[in-house]
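Numbering (my numbering), first residue to last: 76 to 787.
C-beta atoms are modelled at their ideal positions from N, C-alpha and C, and glycine is treated no differently.
I have placed the structure first, in the form of structure tokens, so that the comments after it can refer back to it.
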């Protein structure tokens, strides 16, 4: 059984993605290939057509800071969600998701289009996926290529000679072979409902120059049940004086049509069925302008989009069959003269979506209170209001679900009141999300927990804790110990940010601050009790309130699903390149990829790397091989990884931010955080439980994304 799955082989520094890339993923997951969406450039969804739905859980105004600060509280989130990525700073992603922000690049709008002067032009790569190109190819061809084959006529319920259902039907006797020079005639009928079924009440025929050759009222044989005046324009009074019957029209058509005539119409099968006539050569514009999944464009839309003509005006009573016949004929002539590629470039799907959304917006505007952003949106230039893929979902009848505390003006989306508590949002989500193909659920900590001074205090606490976890104290050493040899020994555990001698003690100690967590942990594990620079030393982290749960945190990081099958290797010579290391480690079984960290300022390689294996067992075996391994005269040390790429990058940024600030300047605010932090822990734990409950209610093959959008 095929099941949908996501493969995202980003590792190390590649773990940072943009909002556009996330949009790519959500768009393809929601729409699939049949809507001209393409696989994301940075990951792959397998068996997208088997996806049961897409769910985006937004933890409103929470960021990476909250995830790392409350890492232990996010128990379910970190154990279940295997793929994590840092999002680059951006304007409001949710607004851009709804097509409100105008900050998405044009190619990320509804159908993967670029925009030139407000016109929608598909990319050449997208043209190959267009149903018109798939059906006819890209080259211009004569009209005979576009006439329906006998099989197509049968499939689309056309009257066929010899069919038992067409007994008594009149043949036009146009049996001469067709060529690309054969004459085209537009045909359209209006029908009413009688005791017999659909019967003709008006017939129009136009020639290739658009001249009307026939425009006749016809009296039905049976009693009229419904004149369908709204569409046909026919009333009882109009038909009272009419003497013309169906056989008269059949005879006139037979006389008027040349022996090689090609009839053109929109869903012409219905007209020929009502006329009870068989004609061998037809072009059906509802099939000519092909769409995916058997759907068809309406004649009114095609006339406006392709020909720039308004037909079937609501101001008129009913349709004008001569106008419709002429429109269908001109559409066929346009297609033949311009060719499939030019027609595909019109991107009719996009134009239809835009037109429908304009109708939706206008309808909603009448319901909105004055001053709401929907009115502002209506006043924007057309090229700024391109629909996003959620709008496309609505047009195809799939209503996205929005539940949350942050109210947004997005037409057609269900919204909760901004004061709705998380528990109530969860209850609605548990009921409604399994029924929706695309859902956005927003939870929030509440405004009292996102004040700027609280965030600054939290940031300082996290920075302080990270600094303590990256720092080790080692000693005691002899008074005349060699600092260079100490630095060299501790450097074999990983890149050192700074090293200083502690002189406040009776005997010298050293304080080493590393750049990566693995290096500090490796130093504690491998050098505690070892002889370094002639002294048997003790290695330990500073004991502070923040580091009391350090061992628990280290263990949980080691067991994190993101670190499964990943090991850390230190002691490398900085001169080694990635190619050298690939060759060096090529004998290791099931090695999948290698990440060689760089200094994000200088771009220089570090003396450590991360190796990712296909499974945990291969990683365990590699650890046994590598520990004590010597490469290029350098002895290697290794252990299980602790910090995935996004955490490694974040730690680096925090460290350098701290260096610029000159240490802790928010001590008073940090002290005031204690009570609030306790409440926050409880809140975050509750949020994690909400995610767990919602996740368990999802159908199999559901793509679930949890977003920490931050505050700016």
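Residue pairing by DSSP places residue 128 opposite 777 in a beta bridge. In the structure shown, residue 293 falls within a coil segment according to DSSP collapsed to helix, strand and coil. Where residue 719 is concerned, there is no enclosing beta strand (DSSP E), because DSSP gives it neither an H nor an E. In the displayed model, residue 654 falls within a helix according to three-state DSSP. C-alpha of residue 560 to C-alpha of residue 527: approximately 46 Å in a straight line. It is roughly 41 Å from the alpha-carbon of residue 233 to the alpha-carbon of residue 101.
Straight through space, the alpha carbons of residue 119 and residue 588 are spaced by roughly 39 Å.
Secondary structure of residue 636 (DSSP, three-state): helix.
It is roughly 23 Å from the alpha-carbon of residue 336 to the alpha-carbon of residue 378. Excluding residues up to 5 positions away in sequence, 132 lie with their Cβ nearer than 6 Å to the Cβ of residue 781 in the same chain.
Judged by beta-carbon spacing, residue 339 lies within the 8 Å limit of residue 259, meaning their Cβ atoms are closer than that value.
Beyond the five residues adjoining it in sequence on each side, residue 689 comes within less than 6 Å, by CB distance, of 665 and 667 in the same chain, given in chain order. Here residue 397 is not near residue 317, since their CB atoms are 8 Å or more apart. Unbroken beta strand (DSSP E) stretches of 3 residues or longer found wholly inside the segment 569-631: 571-577, 584-589 and 613-615, given in chain order. With contacts defined by Cβ atoms closer than 8 Å, residue 570 and residue 590 form a contacting pair.
Classified as buried, residue 671 has 16 or more neighbouring CB atoms from the shown chains inside 10 Å of its CB.
Between residue 363 and residue 407, the CB-CB gap stays under 8 Å.
Counting the other CB atoms within 10 Å of its CB gives residue 536 a total of 16 or more, which places it among the buried residues. Burial state of residue 522 is exposed, judged by a 10 Å Cβ sphere holding fewer than 16 other Cβ atoms. Here residue 674 is exposed. Its C-beta has fewer than 16 other C-beta atoms within 10 Å. Under DSSP, residue 516 shares a beta bridge with 132 and 478.
In the DSSP assignment, residue 685 falls within the unbroken beta strand (DSSP E) covering 683-688. Cβ contact annotation for residue 348 (same chain, cutoff 7 Å, sequence separation greater than five): 234, in chain order. Ranked by Cα distance from residue 367, the options 655, 208 and 558 are led by 208.
Just measuring C-alpha positions, the residue of 474, 257, 595 and 139 sitting nearest residue 714 is 595.
Nearest Cα to residue 687 within the set 530, 638 and 699: 638. Cβ contact annotation for residue 299 (same chain, cutoff 6 Å, sequence separation greater than five): 267 and 269, in chain order. The beta carbons of residue 95 and residue 231 sit no closer together than 8 Å. Two segments are said to touch when three or more pairs of C-beta atoms, one from each, lie closer than 8 Å; by this definition the segment 543-552 touches the segment 613-625.
Here residue 700 carries a helix assignment [DSSP, helix/strand/coil].
Where residue 267 is concerned, the enclosing beta strand (DSSP E) starts and stops at 259-269. Rounded to whole angstroms, the gap between the alpha carbons of residue 582 and residue 576 is 10 Å.
For residue 319, the CB contacts under 8 Å within the same chain, skipping 5 residues up- and downstream, are 291, 292, 293 and 294 in chain order.
Residue burial is scored here from C-beta neighbours: residue 643 has at least 16 other C-beta atoms within 10 angstroms and is therefore classed as buried.
In its chain, beyond the 5 residues on either side, 697 have a beta carbon closer than 6 Å to the beta carbon of residue 663. Residue 309 and residue 393 do touch by the CB rule: their CB atoms are close to 7 Å apart, below 8 Å.
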